[in-house]
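Counting in my numbering, the sequence shown runs from 9 upward without gaps.
Where is the CB? At the ideal position from N, CA and C, for every residue including glycine.
Small disclaimer: the values here were computed from a predicted structure and weren't measured.
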Amino acid sequence: ERPWEGGLEDTMEDSLKQQTEWNRAVIFDEAGTILAKTAEVSAGDISAMTSAFNDRDTTYGNGLNVNGTNYEVHRFYEDQGLIYGRTHSVDPQNGEGICLARVKRGTTGANNFALITYRFPILSAKAVPDLQAWTKEWITNQ
């Protein structure tokens, strides 16, 4: 099932599982191949996310979808490789945040993507920098 035998990705997945403030995390490449994960996300949703940075207006309009849940996009920073937002909820404590990061793998220069979701009391002000630090260690520097 996995395109690797041991090595980096096993360690990457272990590190993902240690990020207890993220209730879902998936790392994938431009082809939509899962490199590490802590939760299942449909192949269709992963495929759509590989092109989320291609068109700001479409991504803002459609949001991001994970397993039947739609997340409104509030921020789109193409130059930083970040898209984030949250589910629509009257009470912010009931909502769920999302962040999609696009990061170049150090060894190949290929784009990899990191998707996380997080729940209150974790907010984007904490989750996004935490994800950026994680991707720097596990993708950019690899």
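Considering only E48, N119, T28 and E104, the residue with the shortest C-alpha distance to Y79 is E104.
Your pair A47 and I35 does not check out as a contact, with CB atoms roughly 12 Å apart and the cut at 8 Å. Following the DSSP letters along the chain, one finds N70 inside the alpha helix (DSSP H) bounded by residues R64 to N70. At the C-beta level, W146 and M20 come within 8 Å of one another. In its chain, beyond the 5 residues on either side, N31, R32, E104 and I106 have a beta carbon closer than 6 Å to the beta carbon of T125. Bridge pairing for V74: T77 [DSSP]. Between R127 and N120, the C-beta spacing is not below 8 Å. In the DSSP annotation of this structure, I106 is not part of any alpha helix (DSSP H); the continuous beta strand (DSSP E) holding it starts and ends at E104 to K112. According to DSSP, T125 shares a beta bridge with R32 and I106. By the beta-carbon neighbour count (other beta carbons within 10 angstroms, threshold 16), R83 is exposed.
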